[in-house]
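Here is the structure we will look at, set down as structure tokens.
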Amino acid sequence: MARIMLENVTRRFGLVIAVDNVSLPIIDGEFFALLGPSGCGKTTTLRLIAGLEVPTAGRVHIGDRDVTGLPPRERDVAMVFQDYALYPHMTILDNVGYPLKVRGVGRREIRERVGEVAGFLQIAELLERRPAQLSGGQQQRAAVARAVVHKPQVFLFDEPLSNLDAKLRLEARGFLKHLQHELGITTVYVTHDQAEALALADRIAIMNQGRIIQVGTPLEVYRRPQTTFVAGFIGNPPMNLVPCRLEVGVEAAHLVGTTFRLDLTSLRDRLALTLRDDEEVILGIRPEHLTFCGQGDPFAIPAETYAIQPLGAECVVILLVDSTTLSVRLFTGEPPQQTGRVWVGVNPERILVYRKSGELVLG
Amino acid sequence: MRLVRLVLTRVAFYLFVTLVAAFFALPMLWLVLTPFNPRGTLAVEIPSPATMANFRLVFANAFAMRALLNSAILGIGGMLITTLVATLAAYALSRTDVPGRDFLIYALILFSSVVTGTAAMVPIFLLIFYLGLIDTLLGVILVFTGGLLPTAIFIMRDFVEGIPRSYEESALVSGATPRQMFQDVVAPLVQPGMMVVAIWAFVHVWGAFLIPFILLRSPTSMPASVAIYSFYTEAGTPIITLTSSYALLFALPVLVLYLLVNWRYGFRFFGGIKR
Ligand SMILES: Nc1ncnc2c1ncn2[C@@H]1O[C@H](COP(=O)(O)OP(=O)(O)OP(=O)(O)O)[C@@H](O)[C@H]1O
Ligand SMILES: [Mg+2]
Chain R
1 MARIMLENVT RRFGLVIAVD NVSLPIIDGE FFALLGPSGC GKTTTLRLIA
51 GLEVPTAGRV HIGDRDVTGL PPRERDVAMV FQDYALYPHM TILDNVGYPL
101 KVRGVGRREI RERVGEVAGF LQIAELLERR PAQLSGGQQQ RAAVARAVVH
151 KPQVFLFDEP LSNLDAKLRL EARGFLKHLQ HELGITTVYV THDQAEALAL
201 ADRIAIMNQG RIIQVGTPLE VYRRPQTTFV AGFIGNPPMN LVPCRLEVGV
251 EAAHLVGTTF RLDLTSLRDR LALTLRDDEE VILGIRPEHL TFCGQGDPFA
301 IPAETYAIQP LGAECVVILL VDSTTLSVRL FTGEPPQQTG RVWVGVNPER
351 ILVYRKSGEL VLG
Chain Y
1 MRLVRLVLTR VAFYLFVTLV AAFFALPMLW LVLTPFNPRG TLAVEIPSPA
51 TMANFRLVFA NAFAMRALLN SAILGIGGML ITTLVATLAA YALSRTDVPG
101 RDFLIYALIL FSSVVTGTAA MVPIFLLIFY LGLIDTLLGV ILVFTGGLLP
151 TAIFIMRDFV EGIPRSYEES ALVSGATPRQ MFQDVVAPLV QPGMMVVAIW
201 AFVHVWGAFL IPFILLRSPT SMPASVAIYS FYTEAGTPII TLTSSYALLF
251 ALPVLVLYLL VNWRYGFRFF GGIKR
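Protein sequence lines correspond, in order, to chains R and Y.
Note that our numbering gives residue 50 to position 50 of the first sequence, counting from 1, and the numbers run on in steps of one.
Note that our numbering gives residue 19 to position 19 of the second sequence, counting from 1, and the numbers run on in steps of one.
Listed below in structure tokens is the structure:
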């Protein structure tokens, strides 16, 4: 168990800056997720921690040691690869026992310790098989077994669930979270699936183009995304982002869209502090903070029903407001009575206001 | 009508295939039958009565027997060095960024056909002469290794590149040293490729005539491909009974080697990784 510190770490590949001046403290024993779109540098960051990449600049610490120049074997980490990388020519026993074998542990003890781990991960009957004779879920557990068998200080996962089908993925999610909780090993988990990150992690870092955009607990990043990028990435459906214009008078303040005018007078002072009158802004509101209402509501926006998606426990309605779409999440599960031309009310306490450039100014 | 045509084309096709097969099979048949025939003949005929007398004569020829041993030394030596060096070189070339490595390999392949060919015989002779390796088996082995390596590296590189890097990286993160990683993970996975290269190199050296003929002087170091000429008459015509027997002995190791590897490895691969 150990904390991990990335200090101003940069990794370039020729002209591409895969990881750009990243500083991250990862707390001892926490489940930390690296979340971001494809190509944003998540895998590279993980490999920098593992020692499979060397930073162009910056330092990496694990525990109290500066491991920046050390090869992987001296870092006492374990990694589960996206393709699991189980050696096809070895049995599962030899695969799982490999970290022990290279550490010079004797055959008898390897058998014993692999047996223990295998029992815990429910692959005990598979030890004599080859990886090709295992199902996807079993392979995943074998790969995890190989990672835990020598009790590393740090666990690294690179999208370990992306090769599983949807049902198995949910199962494995619960299993991984439980496992991490049992072992208490510091874990860095790379994924591009925001739901996975929210479900698993104690804290999440959202990356884009090699940079860390925001770090926080799942609730923090869900409730107060620091940029429109994070807002649009987290949540399913993601946050509604509506471009509008701010009118700040001496007394009053309004958010003005092409078809609506929301009274934000109660927030006037805070808005006037950071924004100018007539500035272009972006209104951010989660789908669950919109409700259907009547025309008279002061926070109502006129819209056109576009599509209705009943999901059982809830119902997502897609609306058209001028040229942008709005998603509304209804927790009743019942599809709305009215269709066609409707009014949706915005919960003013849940409004987030972003600058046109994307950073959060009010929320 | 259609059916008749279909049947006729089928029949014609199989007839053609049979003819082609027979054309290529006849020399093999001759090679297997003639050594047991008391009469030397160029016709394919069942020997009656079958005899071992030809073999007895061949076995009695110490020079020819010694030549088979020399061939084995050359073949195995060339095979071992070529396979080992090619594997390591292919691995290095595939896993590091050498600028212009593709060009390098293609250029080498192009030149290698010169090395084992006739055109470079004089410079190679001089080179080996100045190295003091004329009339040594080592000299011949080195020339063959040099000539075979580029193509061997090219073949091996394909095999190495077929191994996902995550295997190696996983081994490194598991705590293996680079050497352990190579031994435990890379070597077993490229073994089929090493077998392909090994057989190819062995067959190449085993059957070669020109280079050993030129670089070796004394009769005791001649390989079988040269020694077969000891079964010619002074006038230069082959004594068919003896040459065919010797040729059969000469062909056997290659055949056995191929069957052995095919039985052991079957040139199959372990399928394993999930993509
Ligand atoms: N070995 C390399 N050589 C050159 N460029 C690289 C190398 N590895 C990564 N890159 C580049 O660095 C950037 C980040 O890559 P990385 O693999 O870290 O992304 P990622 O966030 O893991 O994406 P994904 O979700 O698709 O796996 C990409 O633009 C990629 O092309
Ligand atoms: Mg990746």
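Even for Gly, the Cβ is constructed at its ideal location relative to N, Cα and C.
Everything numeric in this text was worked out from a predicted model, so none of it was measured.
For R/Tyr84, the three-state secondary structure derived from DSSP is coil. As the crow flies, the alpha-carbon of R/Pro99 is around 19 Å from that of R/Gln180. Residues of the stretch 90-106 of chain R with a C-beta atom less than 7 Å from some C-beta of chain Y are Tyr98, Pro99, Val102, Arg103, listed in chain order. Y/Pro188 reaches chain R at His89, counting residues in chain order whose Cβ is nearer than 7 Å.
Distances from the alpha-carbon of R/Trp343 to those of R/Val321, R/Leu255, R/Gly235 put R/Val321 closest. DSSP places Y/Gly146 within a helical segment (H, G or I) once states are collapsed to three. Taking one beta carbon from each stretch, the stretch 30-38 of chain Y and the stretch 234-254 of chain Y have 3 or more pairs nearer than 8 Å; the two touch. If you check the C-beta of Y/Gly147 against ligand 1, you find no heavy atom less than 7 Å away. Only buried fits Y/Ala86, as 16 or more other CB atoms lie within 10 angstroms of its CB. For Y/Leu216, the closest alpha carbon among the candidates Y/Gly146, Y/Leu110, Y/Phe129 is that of Y/Phe129.
In the three-state scheme derived from DSSP, where H, G and I count as helix and E and B as strand, R/Glu280 is classed as strand.
For Y/His204, the enclosing alpha helix (DSSP H) begins and ends at 187-207. Beta-carbon to beta-carbon, R/Ala50 and Y/Val173 are separated by about 5 Å, close enough to satisfy the 8 Å threshold. R/Gly216 carries a strand assignment under DSSP once its states are collapsed to helix, strand and coil. Using beta-carbon distances, R/Ala78 counts as an interface residue toward chain Y, with a partner under 8 Å. Assigned with DSSP and collapsed to three states, R/Ala205 falls in strand.
Y/Gly207 and R/Gln82 have their C-alpha atoms some 48 Å from each other. Between the alpha carbons of R/Gln309 and R/Leu290 lies a gap of roughly 16 Å. If the five residues before and after Y/Asp135 are omitted, its C-beta is found closer than 8 Å to the C-beta atoms of Leu215, Leu216, Arg217, Ser218, Ser221, all from its own chain and listed in chain order. Of the heavy atoms belonging to ligand 1, at least one sits nearer than 7 Å to the Cβ of R/Cys40. Y/Thr177 sits exposed, since fewer than 16 C-beta atoms from the chains shown fall within 10 Å of its C-beta.
Straight across, the Cα-Cα distance linking Y/Trp30 with Y/Val44 is about 5 Å. Around Y/Pro164, the beta-carbon contacts reaching into chain R at under 8 Å are Asp83, Ala85.
Under the rule that a run must span 3 or more residues, the beta strand (DSSP E) segments found entirely inside the stretch 236-284 of chain R read 240-248, 253-256, 261-263.
Within chain R, the residues placing a beta-carbon under 9 Å from that of Y/Thr177 are Pro71, Arg73, Val102, ordered along the chain.
In chain order, Arg224, Leu352 place their CB closer than 6 Å to the CB of R/Gly363, counting only its own chain and leaving out the 5 sequence neighbours on each side. In chain R, no part has a C-beta under 8 Å from the C-beta of Y/Ser245; the shortest such distance is about 43 Å.
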